[in-house]
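Novice:
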Amino acid sequence: MRSAVALVAGAAATLMSVAASAATLIHAGRVIDGVSDTPKTNQTVVVDGGKITAIENGFRAPAAGDRVVDLKSGTLLPGLFDMHVHLSGEYSQRSEINDYKLNEADIAIDAVVFAGRTLLAGFTTVRDLGDEYRETIALRNAIEARKVPGPRIIAAGKSIGTTGGHADPTNGWARKFPADPGPDQGVVNDVDDARKAVRQRYKEGSDTIKITATGGVLSIAKNGSNPQFTEEEIRAIVATARDYGFKVAAHAHGAEGMKRAVRGGVDTIEHGTFMDDETIKLMKERGTFYVPTISAGRWVAEKARDPGFFPPVVRPKAQAVGPQIDATFAKAYKAGVKILFGTDTGVSAHGHNAREFRYMVEDGMPPMEAIKAATSAPAKFLGLEDVGSVAVGKLGELVGVPGNPLEDITVMERVSFVMKDDTIHKTP
Ligand SMILES: [Zn+2]
Numbered sequence: 023m024r025s026a027v028a029l030v031a032g033a034a035a036t037l038m039s040v041a042a043s044a045a046t047l048i049h050a051g052r053v054i055d056g057v058s059d060t061p062k063t064n065q066t067v068v069v070d071g072g073k074i075t076a077i078e079n080g081f082r083a084p085a086a087g088d089r090v091v092d093l094k095s096g097t098l099l100p101g102l103f104d105m106h107v108h109l110s111g112e113y114s115q116r117s118e119i120n121d122y123k124l125n126e127a128d129i130a131i132d133a134v135v136f137a138g139r140t141l142l143a144g145f146t147t148v149r150d151l152g153d154e155y156r157e158t159i160a161l162r163n164a165i166e167a168r169k170v171p172g173p174r175i176i177a178a179g180k181s182i183g184t185t186g187g188h189a190d191p192t193n194g195w196a197r198k199f200p201a202d203p204g205p206d207q208g209v210v211n212d213v214d215d216a217r218k219a220v221r222q223r224y225k226e227g228s229d230t231i232k233i234t235a236t237g238g239v240l241s242i243a244k245n246g247s248n249p250q251f252t253e254e255e256i257r258a259i260v261a262t263a264r265d266y267g268f269k270v271a272a273h274a275h276g277a278e279g280m281k282r283a284v285r286g287g288v289d290t291i292e293h294g295t296f297m298d299d300e301t302i303k304l305m306k307e308r309g310t311f312y313v314p315t316i317s318a319g320r321w322v323a324e325k326a327r328d329p330g331f332f333p334p335v336v337r338p339k340a341q342a343v344g345p346q347i348d349a350t351f352a353k354a355y356k357a358g359v360k361i362l363f364g365t366d367t368g369v370s371a372h373g374h375n376a377r378e379f380r381y382m383v384e385d386g387m388p389p390m391e392a393i394k395a396a397t398s399a400p401a402k403f404l405g406l407e408d409v410g411s412v413a414v415g416k417l418g419e420l421v422g423v424p425g426n427p428l429e430d431i432t433v434m435e436r437v438s439f440v441m442k443d444d445t446i447h448k449t450p
């Protein structure tokens, strides 16, 4: 068991279970608690039995058996949230062919590896917005049971789309393959299908619902931004989701599909690429959150410069969508749209989620706000009261970075300490 866990966590990480009787004293040069506007300096944060039991000025000397974490030259933060990942894959030039070659087990094992990388990058909670075979639900359960290390997963399971839409798993297939999926595989074409697809996700153990309200960049289909649901279908999905306690996330690039999703009652708009002033106004009125995924925009824009990287049908979409997300984020932030940190990692490589902080800051968001968008704000959105801030009584889900992210946001990309589930996964 230990060797399997160590294999996943990677050679750089140390994995130590903390004895129940001993406390962990984290000596932090600076604490950003996820809620306050100003950090505190020279603090001792005490974690005992998996919970934060004390926060004190100065560096408390350890009692016999206590473990000390020396983060005196760095900053301690709450464990980070990424509100948009896909743990079951990583886009590559093999993705199209892998669609025909990989079985559930191959994908599930990859997901375990990617979850380990995500945790070591400082992300202790993620919202996984779409898998294929329910593998992220199995992974969520395995992580909760502490069989494998990884972040807490809020799993959508299979995302819901329409025939030929961004979430149709059979796009681009030759006709000789059976390819008319229904609600069971997340493809709907009327309100009855829409209700059934949500109920199927409930049956499978999903935590949240993801719809693809418009075309997308990486699917084998021509249009990356057209509306792909009627507003009536979206309303049916949202109403059914509410019956089961689900929130609804909507992937959307084009403005018309985005507006239908917002008016239909979804909770978050993902990407939001061609968000116009009317959509911004509507989102503010309705309190809809925006998850920008600048990382995915920059990644597809960069890869589109290589003429051979994407399939021919994908490249023009990547060229149009990629560069626009930065400008949309800047505009939406200035206009006061509520923003949650999310990357769409799985498009770009796992473990680099924290680059999004740099992109958000480059596009006009102050570092402290970007940190709150990845800590207390998503915790509140998800109703997770035990996490998202450094405070007495909260779970000891903590992350350390070298230096001061308020002066240099790129230190978020060099996480040196990770604690979750009463285990230190990475030591400074
Ligand atoms: Zn996505």
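In case it helps, our numbering puts the sequence shown at residues 23 to 450.
Ideal placement from N, C-alpha and C gives every residue a C-beta, glycine not left out.
(1) Short of 8 angstroms in beta carbon distance, which residues of its chain neighbour Met280, apart from the five on each side in sequence? Order them along the chain.
(2) Give me the Cα-Cα distance between Lys218 and Asp348, rounded to the nearest whole angstrom.
(3) With a CB to CB cut of under 8 angstroms and the five nearest residues on each side skipped, what residues in its chain are close to Ile233?
(4) Below 8 angstroms on the Cβ atoms is my guess for Ile129 versus Glu157; work out the distance and round it to an integer in Å.
(5) Does the beta carbon of Asp366 fall short of 6 angstroms from some heavy atom of ligand 1?
(6) Counting beta carbon pairs with one atom in the stretch 326-335 and one in the stretch 375-384, are three or more of them shorter than 8 angstroms?
(7) Are the beta-carbon atoms of Ala164 and Val170 separated by less than 7 angstroms?
(8) Tell me whether Val437 sits in a helix, a strand or coil according to DSSP, three-state version.
(9) Between the C-alpha atoms of Asp229 and Ser110, what's the straight-line distance to the nearest angstrom?
(10) Who does Thr236 pair with in a DSSP beta bridge?
(11) For Ser317, which of helix, strand or coil comes out of DSSP?
(12) Considering only the beta carbon of each residue, do Lys339 and Val239 sit closer than 7 angstroms?
(13) Write down every uninterrupted run of the beta strand (DSSP E) in the stretch 145-214 whose length is 3 residues or greater and which is fully enclosed by it, in chain order.
(14) So, Gly418 versus Ile74, is the Cβ gap smaller than 7 angstroms?
(15) Please determine if the stretch 61-78 and the stretch 124-142 are in contact, where contact requires at least 3 C-beta pairs separated by less than 8 angstroms.
(16) In whole angstroms, give me the CA-to-CA distance for Ala28 and Val135.
(17) Secondary structure at Ala401, three-state DSSP: helix, strand or coil?
(18) Since Asp299 is in the alpha helix (DSSP H), which residue starts that stretch and which ends it?
(19) Enumerate in chain order the residues of its own chain whose CB-to-CB distance from Gln207 is below 8 angstroms, with the five nearest sequence positions on each side excluded.
(20) Using 8 angstroms as the Cβ pair cut-off and three pairs as the minimum, do the stretch 425-438 and the stretch 115-123 touch?
(21) To the nearest angstrom, how far is it from the Cα of Asn64 to the Cα of Gly96?
(22) Give the DSSP bridge partners of Lys448, in chain order.
(23) Could you tell me which residues DSSP pairs with Pro388 in its beta bridges?
(24) Measuring only the C-alpha atoms, how far is Lys360 from Ile446?
(25) I need the DSSP call for Ala219, collapsed to helix, strand or coil.
(26) What is the rounded straight-line gap between the Cα of Asp153 and the Cα of Asp385?
(27) Hey, would you say the C-beta of Leu362 is under 6 angstroms away from at least one heavy atom of ligand 1?
(28) Which complete beta strand (DSSP E) runs does the stretch 51-117 hold, if anything under 3 residues is left out?
(29) Return yes when the Cβ of Pro84 is within less than 7 angstroms of the Cβ of Val90, no when it is not.
(30) Using only CA atoms, which one of Ala44, Ala45 and Val68 lies nearest to Val53?
(31) Name the residue from Phe351, Arg197 and Ser58 whose alpha carbon lies nearest to the alpha carbon of Leu362.
(32) Measuring straight from C-alpha to C-alpha, what distance separates Met390 and Tyr266?
(33) Rounded to a whole number of angstroms, what is the C-alpha to C-alpha distance between Phe145 and Lys198?
(34) Going by the beta-carbon positions, is the gap between Glu278 and Val213 smaller than 7 angstroms?
(35) When you compare only the Cα positions, how much space is there between Thr397 and Val107?
Specialist: Let's see:
(1) Walking along the sequence shown from the start, residue 280 turns up at place 258. Cβ neighbours of Met280 beyond the five flanking positions: Ala235, Thr236, Ala272, Ala274, Ile291, Gly294, Phe296, Met297 and Thr301.
(2) Within the sequence shown, the letter at position 196 stands for residue 218. Within the sequence shown, the letter at position 326 stands for residue 348. Those two C-alpha atoms are separated by around 36 angstroms.
(3) Sequence index remark: in the sequence shown, residue 233 carries index 211 (1-based). Within the same chain, Ile233 has close Cβ partners Ser181, Ile182, Gly183, Ala189, Phe251, Ile256, Ile259, Val270, Ala271, Ala272, His273, Ala283 and Val288.
(4) Locating residue 129 in the sequence shown gives position 107, counting from the first residue. Locating residue 157 in the sequence shown gives position 135, counting from the first residue. The pair is a contact, with the Cβ atoms about 6 angstroms apart (cut-off 8 angstroms).
(5) Here residue 366 corresponds to residue number 344 of the sequence shown, with the count starting at 1. Yes, ligand 1 has a heavy atom inside 6 angstroms of this Cβ.
(6) no
(7) Working through the sequence shown from its first residue, we reach residue 164 at position 142. Working through the sequence shown from its first residue, we reach residue 170 at position 148. Yes, they are a contact pair.
(8) Taking the first residue of the sequence shown as 1, we reach residue 437 at position 415. Reduced to three states, the DSSP call for Val437 is coil.
(9) Within the sequence shown, numbered from 1, the residue matching residue 229 stands at position 207. Within the sequence shown, numbered from 1, the residue matching residue 110 stands at position 88. About 16 angstroms.
(10) Against the sequence shown, residue 236 aligns to sequence position 214. Bridge partners of Thr236: Pro249.
(11) The residue given as residue 317 occupies position 295 in the sequence shown. The answer is helix: DSSP assigns Ser317 an H, G or I state.
(12) Here residue 339 corresponds to residue number 317 of the sequence shown, with the count starting at 1. Here residue 239 corresponds to residue number 217 of the sequence shown, with the count starting at 1. It is a contact, given that the beta carbons lie within the stated cut-off.
(13) 145-150 and 174-177
(14) Taking the sequence shown and counting its residues from 1, one reaches residue 418 at position 396. Taking the sequence shown and counting its residues from 1, one reaches residue 74 at position 52. The answer is yes: Cβ separation under 7 angstroms.
(15) no
(16) Here the question's residue 28 lines up with position 6 in the sequence shown. Here the question's residue 135 lines up with position 113 in the sequence shown. Note that Ala28 scores a pLDDT of 42, beneath 50, so its modelled location is shaky; the value from the coordinates is reported in the next line. Cα to Cα, the separation comes out at about 11 angstroms.
(17) Here residue 401 corresponds to residue number 379 of the sequence shown, with the count starting at 1. Correct three-state label for Ala401: helix.
(18) On the sequence shown, residue 299 is found 277 positions in, with the first residue counted as 1. Run containing Asp299: Asp299 to Arg308, per the alpha helix (DSSP H) assignment.
(19) Translated into the one-based positions of the sequence shown, residue 207 becomes position 185. Contacts found: Lys180 and Pro191.
(20) no
(21) Locating residue 64 in the sequence shown gives position 42, counting from the first residue. Locating residue 96 in the sequence shown gives position 74, counting from the first residue. Going from the Cα of Asn64 to the Cα of Gly96 covers about 10 angstroms.
(22) Looking up residue 448 in the sequence shown gives position 426. Answer by DSSP bridge pairing, in chain order: Val440.
(23) What you label residue 388 is simply residue 366 of the sequence shown in a count that begins at 1. Paired residue(s): none; Pro388 is not in a bridge.
(24) The sequence position of residue 360 within the sequence shown is 338, counting from 1. The sequence position of residue 446 within the sequence shown is 424, counting from 1. Looking at the two C-alpha atoms, the distance is approximately 33 angstroms.
(25) As a position in the sequence shown, residue 219 is number 197, starting the count at 1. Three-state DSSP puts Ala219 in a helix.
(26) As a first step, residue 153 must be located in the sequence shown, where it is residue number 131. As a first step, residue 385 must be located in the sequence shown, where it is residue number 363. One C-alpha to the other measures close to 30 angstroms.
(27) Taking the first residue of the sequence shown as position 1, residue 362 is located at position 340. Leu362: no, Cβ never under 6 angstroms from ligand 1.
(28) 62-70, 73-79, 89-100 and 102-107
(29) Counted from its first residue, the sequence shown places residue 90 at position 68. Counted from its first residue, the sequence shown places residue 84 at position 62. Taking 7 angstroms as the Cβ cut-off, Val90 and Pro84 qualify as a contacting pair.
(30) In the sequence shown, the residue the question calls residue 53 occupies position 31. Ranking the options by Cα distance to Val53, first place goes to Val68.
(31) Taking the sequence shown and counting its residues from 1, one reaches residue 362 at position 340. Nearest of Phe351, Arg197 and Ser58 to Leu362, Cα basis: Phe351.
(32) As a working mapping, residue 390 is identified with position 368 in the sequence shown. As a working mapping, residue 266 is identified with position 244 in the sequence shown. Cα to Cα, the separation comes out at about 35 angstroms.
(33) Translated into the one-based positions of the sequence shown, residue 145 becomes position 123. Translated into the one-based positions of the sequence shown, residue 198 becomes position 176. Rounded to the nearest angstrom, the two C-alpha atoms are 42 angstroms apart.
(34) Numbered from its first residue, the sequence shown carries residue 278 at position 256. Numbered from its first residue, the sequence shown carries residue 213 at position 191. For Glu278 and Val213, no; Cβs fall outside 7 angstroms.
(35) Here the question's residue 397 lines up with position 375 in the sequence shown. Here the question's residue 107 lines up with position 85 in the sequence shown. For Thr397 and Val107, the distance between alpha carbons rounds to 16 angstroms.
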